[in-house]
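Novice: I have a structure here, written as structure tokens, and I will follow up with some questions on it.
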Amino acid sequence: MKKYLLPLFFITMLSFSSCEEENIVNDSIVGEWEMKSATNGMTGASTDFPHGNGSIMKFTESNYEIITNWQLTRSGLYSIVKETSNLDKKIYNRIVYDNETNSIRSFFKVENNLLYIWIDGNDGPSVVYRRK
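Taking my numbering as reference, the numbering of the sequence shown is continuous, increasing by one, and the terminal residue is 331.
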């Protein structure tokens, strides 16, 4: 019996260690995000922001907070709906803040722990946040 336990132990440990090596990708908006860069839609000029810049977005499953210069500037409920962009006619996730469905449309995507948010309009600005 002992001769079977030792190999079984090593196989089990090997399977756990291989799981740790996998990169887990989290494409959920839920979490805390710090502004990384912003692009002016009119000029195309991009501004990079350092770590610790005080511009943060926080999302739970249903609530959001927008923090600017370390001060809470807006908070409330949000929802995510799939809508077609007026610009390229593709379907994206739209953030609807505080049930304001008639507001300017903001779309987003999450890739590689970066949150991309852009306005659905010609020359609309965009921002990139990094997951904290």
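For every residue, glycine included, the Cβ atom is placed at its ideal position computed from N, Cα and C.
Consult DSSP for M241 and reduce its assignment to one of helix, strand or coil.
Specialist: The residue you call residue 241 lines up with position 42 of the sequence shown. It is coil, neither helix nor strand.
Novice: Taking DSSP as the reference, what is the three-state secondary structure of E233?
Specialist: Position 34 of the sequence shown, counted from the start, is the residue given in the question as residue 233. Strand at E233.
Novice: To which residues of the same chain is E221 closer than 7 Å at the C-beta, ignoring the five residues directly before and after it?
Specialist: Within the sequence shown, residue 221 is the residue found at index 22, counting from 1. Its pLDDT being 49, under 50, E221 is placed unreliably by the model, and nothing is read from it.
Novice: Short of 6 Å in beta carbon distance, which residues of its chain neighbour N312, apart from the five on each side in sequence? Order them along the chain.
Specialist: Walking along the sequence shown from the start, residue 312 turns up at place 113. Around N312: R330.
Novice: In terms of residues, what are the limits of the beta strand (DSSP E) holding I303?
Specialist: Stepping through the sequence shown from its first residue, residue 303 is reached at position 104. Neither: I303 is in no beta strand (DSSP E) and is coded neither H nor E.
Novice: Using CA atoms only, rank isn't needed, just tell me which of G251, I255, Y263 is closest to S274.
Specialist: Position 75 of the sequence shown holds residue 274. That would be Y263, whose Cα lies nearest to the Cα of S274.
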